[in-house]
Amino acid sequence: MALMTPEEFEKSLKDIKPRVFMNGKRVENVLTNRNTRTVVEANKASYEWALDPKYKDIMTCYSPLIKDTVNRYTHVSTSIDELVKKAQ
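Quick look at the structure:
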């Protein structure tokens with residue numbers, strides 16, 4: 067899957083149950099923990115912007131790994147130009 071919706075991103079976190087630790091303690095659920103929830107919401111915004119045509123050039127790029135368009139935030143940058151766009 068190339069571009070996910072914010073809802074698909076959140077569902078993927080629910081499905082994979084990432085192992086996250088904060089201050090040496092395991093976070094049981096990143097979706098319900100008050101500290102990690104803010105990070106989830108910020109990431110969901112990046113997925114929403116990637117689907118918005120006016121942000122397409124900044125928020126998406128082509129991935130030769132999967133031969134499809136991906137969210138720039140999750141893309142492995144391979145050039146200075148890609149790093150600059152990711153920082154925008």
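Heads up: the sequence shown begins at 67 in the numbering used here, then just goes up one per residue. Every residue gets a Cβ at the ideal spot worked out from N, C-alpha and C, and that includes glycine. In this text the structure is predicted, and so the values were computed from the model without any measurement.
Taking the Cα positions, L131 is about 34 Å away from G90. About 14 Å separates the CB atoms of T126 and A111; that is not less than 8 Å, and the two are not in contact. Within the same chain, and ignoring the five residues on either side of K80 in sequence, the residues whose Cβ sits closer than 7 Å to its Cβ are L97.
Contact annotation: Y113 and P72 have beta-carbon atoms nearer than 8 Å.
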